[in-house]
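Engineer: The structure follows.
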Amino acid sequence: MGYNFLEIEKKWQDYWAKNQTFKAENNSKLPKYYVLDMFPYPSGAGLHVGHPLGYIASDIYARYKRHKGFNVLHPQGYDSFGLPAEQYAIQTGQHPNITTQTNISRYREQLDRMGFSFDWSREVRTSQADYYKWTQWIFLLLFDSYYCKKANSAKPLTELIAHLEQKGNQDLDAVCDDDINSFNSSDWSSFTYQKQQKILLKYRLAYLSETEVNWCPELGTVLANDEIVNGVSERGGFQVTKKKMKQWSMRIGAYAERLLQGLNTIDWPESLKEMQRNWIGKSIGANVRFDIQNENGTIEVFTTRPDTLFGVTFMTLAPEHDLVKVITTKDQKEEVAAYVEASAQRSERDRMSDVKTISGVFTGAYALHPFTKQTIPIWIGDYVLAGYGTGAVMAVPCGDQRDYDFAKHFNIPIRNIFDGADISKEAFIEKGNTQITDSEFLNGLAYKEAMASVIERLEKDGSGEGTINYRLRDAIFSRQRYWGEPIPVFYKNGIPFGLKPENLPLTLPEVEQYLPTPEGAPPLGNATSWAWDTVSEKVVSNSQINETTIFPLELNTMPGWAGSSWYFNRYMDSNNPDVFVSKEAVTYWQDVDLYLGGSEHATGHLLYSRFWQKFLFDLDLLPVDEYAKKLINQGMILGSSAFVYRKKGTKEYISKNLTEGIEVEPIRVDISLVNTSNELNIEGLKKWQPQFAEATFVLEQDVYFVGREVEKMSKSKYNVVSPDLICEEYGADTLRMYEMFLGPLEQAKPWNTAGISGVHSFLKKLWRLYHPNDQFSVSKEPASKESLKSLHQTIKKVTEDIENFSFNTCISSFMICVNELTAQKCNEKEILEPLAVLLAPFAAHFSEELWQHLGNSSSISKASFPIYEPKFLLESSKNYPVSFNGKMRFTIELSLTLKPQEIEELILKDERTQQQLQGRVPKKVIIVLGKIINIVG
RNA sequence: GCUCGAGUGGUGGAAUUGGUAGACACGUUGGACUUAAAAUCCAAUGACCAUUGCGGUCGUGCGGGUUCAAGUCCCGCCUCGAGUACCA
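This is the structure we're talking about:
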């Protein structure tokens with residue numbers, strides 16, 4: 006009996022499940038460690054070999070930490086609301102819940118097969134009412150909070166109301182919509198209840214607003230930017246238009262600065278932090294107000310270069326800017342109207358893809374320079390975006406390339422205010438030490454001082470102030486979809502009210518049709534009985550509501566990121582029906598110590614979840630305001646698609662190396678029809694799809710060679726490799742180790758089974774070493790010095806490498822160790838015992854089996870990790886190996902005069918060397934001119 | 001365009017952060033065992049030259065530089081990947 010992985014793996018998976026080996030306790034004297042994976046969306050295609058990469062890595066670390074004496078929380082769950090299940094429901098009428106359940110069971114089966122040490126007793130599913138109850142609850146908290154800039158924290162809305170009652174909105178420093186007029190306390194009390202609620206909505210962190218969205222009439226839904234390809238919907242290819250809609254939004258902008266600063270406190274990949282920084286897009290500058298000539302009012306602009314204020318020769322407004330209508334002169338009216346109309350027609354995609362075309366039109370109006378009072382022509386141009394800054398810019402052609410191009414195009418004069426700069430060809434955009442000239446009080450100053458000076462002056466004159474702008478937009482929270490969390494809100498006279506928390510969850514109703522209603526309302530509009538039996542009661546219980554009336558519920562659902570923005574906290578206490586997470590649980594677990602997931606979530610999930618965490622922290626519901634101390638992005642495992650080449654317009658397929666000079670269309674074929682030498686199974690292909698049944702093949706050396714291309718693994722590309730087949734053929738332990746051996750964790754790499762036999766034979770080799778004649782056998786004799794040296798070298802290397810998440814080199818170390826032990830014919834218990842524990846995080850089932858053979862009755866996961874003891878390496882070293890750089894002539898000459906003894910003396914004498922060595926034996930000493938230059942060891 | 005990241009044998013990838021480049025594995029070649037195959041084990045394997053021995057020369061995308069010493073640091077390019085896109 007050899008290494009029977011199928012039997013061993015089944016046995017231990019059953020054992021772990023039965024004994025709940027990996028259940029984490031919420032109270033323990035052990036230090037805690039929380040290892041989290043980004044939970045998967047259970048898609049119909051099942052897992053492919055790319056999915057488990059991160060799970061394997063986190064599982065290795067979680068198991069390692071258990072051996073190191075930590076109480077490890079390593080949970081898993083499902084992000085189970087989402088579009089594919091809904092699409093499937095639309096096509097087939099099957100309830101998304103059924104699809105989701107089926108997919109989850111399949112995922113669970115696959116995950117179990119790989120031997121992950123998840124604590125399944127804490128599983129969460131975002132689509133389950135006992136989970137989304139709390140998602141809705143958090144929504145209500147956001148709805149009932151505002152952001153106080155003075156405290157730099159979210160606060161309950163009741164505090165805002167108290168302030169408004171006392172002082173109106175005077176002396177209030179809160180984040181809000183920008184269309185609020187000022188009022189005092191008596192104004193406030195004179196407002197109708199209706200009006201008061203409207204004002205409050207402008208402060209709530211979850212608020213309703215008119216937002217421009219990508220509307221697809223055919224699909225009856227709003228699309229995200231990445232669901233639109235070339236101006237039409239990705240799904241179906243339908244026309245997409247701009248539409249203003251009332252949408253729920255989240256004031257994530259209030260947290261922009263804290264989200265930015267928080268990045269400095271967490272150990273996340275620098276590239277990911279950089280992405281978030283860019284996404285938040287902080288820019289420091291000034292708002293400057295220009296009076297309009299012959300007109301009441303001002304134009305406010307945002308600029309990052311207030312130092313160039315004297316270089317302004319025109320201004321540009323976004324076509325959508327409110328003032329356009331007001332200031333345009335009679336003469337220009339027609340032209341301006343036409344331009345505004347034209348740019349409204351252009352989709353954002355158009356405007357983006359066509360950055361080179363310069364367009365604009367003069368309004369006929371003039372602004373006045375705040376200092377010189379000179380007149381400045383006001384233009385309209387679509388290179389200015391309504392949504393950023395103030396929707397208007399002061400154009401400084403000498404210092405900004407776009408302004409420069411615009412000025413050149415329309416023959417607007419350019420003023421050079423940079424001393425000695427050449428602006429004959431392009432703008433001078435450096436911010437260095439170049440002095441500014443021709444700028445009154447700024448003359449002779451450079452960028453930095455000029456900035457400060459201008460801002461000071463603007464603030465004194467009241468025509469502007471230093472300010473900070475963020476690119477980060479508030480996040481739209483409404484989706485016109487069925488398969489998502491219902492938003493727990495109802496309307497009275499158009500004013501939204503939150504349900505009472507005790508009435509949650511507001512469950513998703515049954516509908517006949519998953520499509521929008523004929524009137525264009527979201528799918529929830531199809532619910533005939535929704536809630537009115539169950540919810541009307543709850544609605545009525547709200548004190549503000551007239552009890553006899555029933556009010557409409559919100560028909561939109563929440564976006565995909567709602568449920569995933571707080572799930573990591575739920576795991577800490579996932580079965581608690583009374584709170585989203587208990588104080589005790591969160592006090593013990595605090596935060597995630599290690600979070601693993603893909604970098605594609607950089608500006609989505611990973612930003613929104615940080616936002617919710619900070620919000621819940623502000624309300625004193627969580628102890629920390631960053632939830633993940635360390636994050637690692639595992640690289641994607643890519644597929645290697647196979648292509649056949651059809652000669653254009655024929656049914657003739659040409660082997661890869663013969664296609665040169667022939668016009669061919671590459672067609673993807675299923676990779677199971679291709680072997681590792683890229684030879685095609687032609688008979689298989691003919692059966693695979695009818696289009697190939699009649700095909701003829703042009704071969705080279707009697708075989709058809711396919712082309713290969715590395716791309717994302719996907720069902721539609723026929724390049725998916727399932728882990729089940731690998732487990733069948735080699736076992737889960739081999740799969741786990743091979744995926745790690747493939748290369749560095751963070752790196753993207755194509756899947757390739759070529760090397761898997763190496764990892765598999767490593768396990769077989771180790772198995773054989775302790776199963777001579779197919780019987781388990783260990784020697785009780787003390788181990789040889791050589792074996793101990795091999796073992797401790799491996800302990801040292803593996804421990805270091807696990808800590809650095811360098812799992813690929815760990816596996817190399819194991820292989821070296823086993824090769825050495827085999828060569829020494831070592832089979833001592835003294836070696837095997839620690840080696841089994843060392844290997845346990847990687848080959849979990851394999852180690853359990855050996856552990857049992859060694860006579861242990863409990864799981865190896867309770868064993869403590871072996872400790873490296875330097876003495877085993879020291880004892881076996883007798884001499885200092887010394888090397889010299891053979892290329893250096895004088896080095897050789899000197900070394901010739903030094904005998905090994907003298908070198909040893911030199912080493913012992915040198916204080917710095919001794920410090921550096923700290924008792925270790927040097928591997929190598931570099932000596933130049935009789936001085937120790939460097940020691941390696 | 002801008003911002004990050006990466007370029008090492010036939011292949012995946014190591015290299016203790018400036019110290020013998022190519023660990024480990026795949027593949028290839030040769031050998032052992034076997035009637036044979038599978039499995040297993042042993043040896044060779046960066047390139048070129050010399051192989052009657054020792055060996056020698058060149059080599060980490062390209063061109064420079066710093067250093068006793070550079071895959072690693074600095075300057076200038078080239079190629080690929082990711083993110084972002086008129087952000088004032």
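Per my numbering, the first sequence starts with residue 6, numbered consecutively.
Every residue gets a Cβ at the ideal spot worked out from N, C-alpha and C, and that includes glycine.
Quick caveat, the model's predicted, so the values are computed rather than measured.
1) Taking all protein chains shown into account, decide if Gln25 is buried (16 or more other Cβ within 10 angstroms of its Cβ) or exposed.
2) Secondary structure at Ala455, three-state DSSP: helix, strand or coil?
3) Select from Lys834, Tyr212, Ala159, Phe781 the residue whose C-alpha is nearest the C-alpha of Pro493.
4) Taking the alpha-carbon positions, what's the Thr553 to Ser214 distance?
5) Rounded to the nearest angstrom, what separates Asp19 and Thr104 at their Cα positions?
6) Applying the 10 Å Cβ sphere with the 16-neighbour rule, what's the burial state of Gln281?
7) Starting from the N-terminal side, write out each stretch of the alpha helix (DSSP H) that is 4 residues or longer and does not extend beyond the stretch 749 to 774.
8) Which residues in the same chain have their Cβ closer than 8 Å to the Cβ of Lys249, if we skip the five residues on either side of it in sequence?
9) If you run the structure through DSSP and keep just helix, strand and coil, what is Met820?
10) If you drop the 5 nearest sequence neighbours on each side, which residues of the same chain put their C-beta closer than 6 Å to that of Ala950?
11) First and last residue of the beta strand (DSSP E) that includes Met399?
12) What is the rounded straight-line gap between the Cα of Tyr658 and the Cα of Ile676?
13) Report back the beta-carbon spacing between Glu454 and Phe376 to the nearest angstrom; my notes put them in contact at under 8 Å.
14) Give the DSSP-derived three-state secondary structure of Cys815 in the structure shown.
15) Out of Thr664, Met119, Gln639, Ser645, which one is the CA nearest neighbour of Arg651?
16) Can Val401 and Val317 be called in contact, C-beta distance under 8 Å?
17) For Val331 versus Val345, is the C-beta spacing smaller than 8 Å?
18) Can you list the beta strand (DSSP E) stretches of 3 or more residues lying completely in the stretch 463 to 542, in chain order?
19) At the level of alpha carbons, what is the spacing between Phe648 and Ala759?
20) What residue range does the alpha helix (DSSP H) around Ile687 cover?
21) Ala845 to Val129, Cα distance in whole Å?
22) Quick one: what's got a C-beta closer than 8 Å to Ile460's C-beta in the same chain, skipping five residues either side?
23) Excluding five sequence neighbours on each side, which residues of the same chain lie with their C-beta closer than 8 Å to the C-beta of Tyr409?
24) Would you call the CB atoms of Arg68 and Ala849 closer than 8 Å?
25) What whole-angstrom Cβ distance do His79 and Phe870 have, given they're in contact under 8 Å?
26) Please list the terminal residues of the continuous alpha helix (DSSP H) segment that includes Ile166.
27) Measure the CB-CB distance between Phe3 and Lys661 and report whether it falls below 8 Å.
28) Could you check what DSSP says for Pro80 in three-state terms: helix, strand or coil?
29) Any idea if Leu224 is buried or exposed, counting beta-carbon neighbours within 10 angstroms, 16 or more meaning buried?
30) Among Glu835, Trp253, Asp182, Leu771, whose alpha-carbon lies nearest the alpha-carbon of Ala502?
31) Can you name the residues that DSSP bridges to Arg113?
32) If you follow the alpha helix (DSSP H) that Tyr93 is in, where does it begin and where does it stop?
33) Does DSSP classify Glu744 as helix, strand or coil?
34) Between the C-alpha atoms of Ile667 and Gly640, what's the straight-line distance to the nearest angstrom?
35) Does DSSP put Asn219 in a helix, in a strand, or in coil?
36) Given Asn438, which residues of its chain have a CB within under 6 Å of its CB, disregarding the five upstream and five downstream residues?
Structural biologist: If we stick to the structure as given:
1) Counted from its first residue, the first sequence places residue 25 at position 20. That one is exposed.
2) Working through the first sequence from its first residue, we reach residue 455 at position 450. Three-state DSSP puts Ala455 in a helix.
3) Against the first sequence, residue 493 aligns to sequence position 488. Minimum Cα distance to Pro493 is reached at Tyr212.
4) Against the first sequence, residue 553 aligns to sequence position 548. Against the first sequence, residue 214 aligns to sequence position 209. Bear in mind that a pLDDT of 48 at Thr553, under 50, signals an unreliable position, so the model cannot answer this.
5) Working through the first sequence from its first residue, we reach residue 19 at position 14. Working through the first sequence from its first residue, we reach residue 104 at position 99. Approximately 27 Å between the Cα atoms of the pair.
6) Residue numbering aside, residue 281 sits at position 276 when the first sequence is read from its first letter. By the 10 Å Cβ count, Gln281 comes out buried.
7) 761 to 774
8) Along the first sequence, one-based indexing puts residue 249 at 244. Here the set comprises Glu215, Thr216, Glu217, Val218.
9) Working through the first sequence from its first residue, we reach residue 820 at position 815. In this structure, Met820 counts as helix in the three-state DSSP scheme.
10) Given that the chain is displayed from residue 6 to residue 942, the structure contains no residue 950 and the question cannot be resolved.
11) Position 394 of the first sequence holds residue 399. 397 to 400 is the span of the beta strand (DSSP E), which, as asked, contains Met399.
12) Counting from 1 along the first sequence, the entry for residue 658 is found at position 653. Counting from 1 along the first sequence, the entry for residue 676 is found at position 671. The alpha-carbon of Tyr658 is positioned some 17 Å away from that of Ile676.
13) Residue numbering aside, residue 454 sits at position 449 when the first sequence is read from its first letter. Residue numbering aside, residue 376 sits at position 371 when the first sequence is read from its first letter. That belief does not hold up - the Cβ atoms of Glu454 and Phe376 are roughly 17 Å apart, past 8 Å.
14) As a working note, residue 815 is residue 810 in the first sequence. In the structure shown, Cys815 adopts helical secondary structure according to DSSP, grouped into three states.
15) Position 646 of the first sequence, counted from the first residue, corresponds to residue 651. Out of Thr664, Met119, Gln639, Ser645, Thr664 has the C-alpha closest to the C-alpha of Arg651.
16) Along the first sequence, read from residue 1 onward, the residue named residue 401 stands at position 396. Along the first sequence, read from residue 1 onward, the residue named residue 317 stands at position 312. Going by C-beta atoms, Val401 is nearer than 8 Å to Val317.
17) Walking along the first sequence from the start, residue 331 turns up at place 326. Walking along the first sequence from the start, residue 345 turns up at place 340. Taking 8 Å as the Cβ cut-off, Val331 and Val345 do not qualify as a contacting pair.
18) 469 to 475, 494 to 497, 500 to 503
19) Reading the first sequence from its first residue, position 643 is the one you call residue 648. Reading the first sequence from its first residue, position 754 is the one you call residue 759. Distance between the alpha carbons of Phe648 and Ala759: 19 Å.
20) The residue you call residue 687 lines up with position 682 of the first sequence. Ile687 -> alpha helix (DSSP H) spans 687 to 693.
21) For the purposes of this step, residue 845 is taken as the residue at position 840 of the first sequence. For the purposes of this step, residue 129 is taken as the residue at position 124 of the first sequence. Ala845 and Val129: Cα-Cα distance of roughly 27 Å.
22) The sequence position of residue 460 within the first sequence is 455, counting from 1. Correct list, in chain order: Ala291, Pro311, Gly469, Glu470, Gly471.
23) For the purposes of this step, residue 409 is identified with residue 404 of the first sequence, where counting begins at 1. In the same chain as Tyr409, and ignoring 5 residues on each side of it, the C-beta atoms closer than 8 Å to its own belong to Pro402, Cys403, Ile419, Ile428, Glu431, Ala432, in chain order.
24) Stepping through the first sequence from its first residue, residue 68 is reached at position 63. Stepping through the first sequence from its first residue, residue 849 is reached at position 844. Yes; because the gap between Cβ atoms is below 8 Å, this pair is in contact.
25) What you label residue 79 is simply residue 74 of the first sequence in a count that begins at 1. What you label residue 870 is simply residue 865 of the first sequence in a count that begins at 1. Not really, about 16 Å apart at Cβ, beyond 8 Å.
26) The residue given as residue 166 occupies position 161 in the first sequence. Its alpha helix (DSSP H) spans residues 162 to 172.
27) Since the first and last residues shown for the chain are 6 and 942, residue 3 lies out of range.
28) Counted from its first residue, the first sequence places residue 80 at position 75. Coil.
29) Residue mapping note: residue 224 aligns to position 219 of the first sequence, counting from 1. Result: buried.
30) Counting from one through the first sequence, the residue named residue 502 turns up at place 497. First, the residue type needs correcting, since residue 502 is Phe and not Ala in the sequence shown. Minimum Cα distance to Phe502 is reached at Trp253.
31) Taking the first residue of the first sequence as position 1, residue 113 is located at position 108. Partner(s): none; Arg113 has no beta bridge.
32) One-based indexing of the first sequence puts residue 93 at position 88. Tyr93 -> alpha helix (DSSP H) spans 88 to 97.
33) For the purposes of this step, residue 744 is taken as residue 739 along the first sequence, with counting starting at 1. For Glu744, the secondary structure class from DSSP, reduced to helix, strand or coil, is helix.
34) If you number the first sequence from 1, residue 667 lands on position 662. If you number the first sequence from 1, residue 640 lands on position 635. So the alpha carbons of these two residues sit roughly 37 Å apart.
35) Taking the first sequence and counting its residues from 1, the one referred to as residue 219 is at position 214. Three-state DSSP puts Asn219 in a strand.
36) Taking the first sequence and counting its residues from 1, the one referred to as residue 438 is at position 433. Spatial neighbours of Asn438 in its own chain (CB-CB distance under 6 Å, excluding positions within 5 residues in sequence) are listed in chain order as Ala451.
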